[in-house]
Amino acid sequence: MIKLTVNGQEKDVADGTTVRQLIVELELGKAAVAVEVNRELVPKRSHDATVLQDGDNVELVTLVGGG
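So the number in the working numbering is just where the residue sits in the sequence shown, counting from 1, plus 604.
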């Protein structure tokens with residue numbers, strides 16, 4: 605297990621967890637989500653390839669349309 609900070613809250617996840625897996629685990633899989641890891645934007649095309657590391661700071665922002 606590794607420890608992340610996700611939107612300011614500590615969270616334990618399995619070693620080797622990707623950004624995509626974290627999104628699914630948090631039940632955000634169908635939402636439009638912007639992701640930063642350690643203050644670096646992670647493009648959607650990289651979610652499957654970006655493996656999270658112990659101590660990473662992850663910010664997830666759900667995008668909502670409207671007006």
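Backbone N, C-alpha and C fix where the C-beta goes; we use that ideal spot for every residue, glycine too.
(message) Is the beta carbon of D652 closer than 8 Å to that of G606?
(response) Here residue 606 is Ile; the residue named in the question, Gly, does not match the sequence. It is not a contact, given that the beta carbons lie outside the stated cut-off.
(message) Suppose you measure from the CA of L664 to the CA of R624; what does that come to, to the nearest Å?
(response) 11 Å
(message) Suppose you measure from the CA of V655 to the CA of L645; what does that come to, to the nearest Å?
(response) 14 Å
(request) Return the chain-ordered list of same chain residues with a C-beta closer than 7 Å to the C-beta of D660, the five sequence neighbours on each side being excluded. (result) L608, V641 and N642
(request) Determine the direct distance from the alpha carbon of N611 to that of A638, and round the result to whole angstroms. (result) 12 Å
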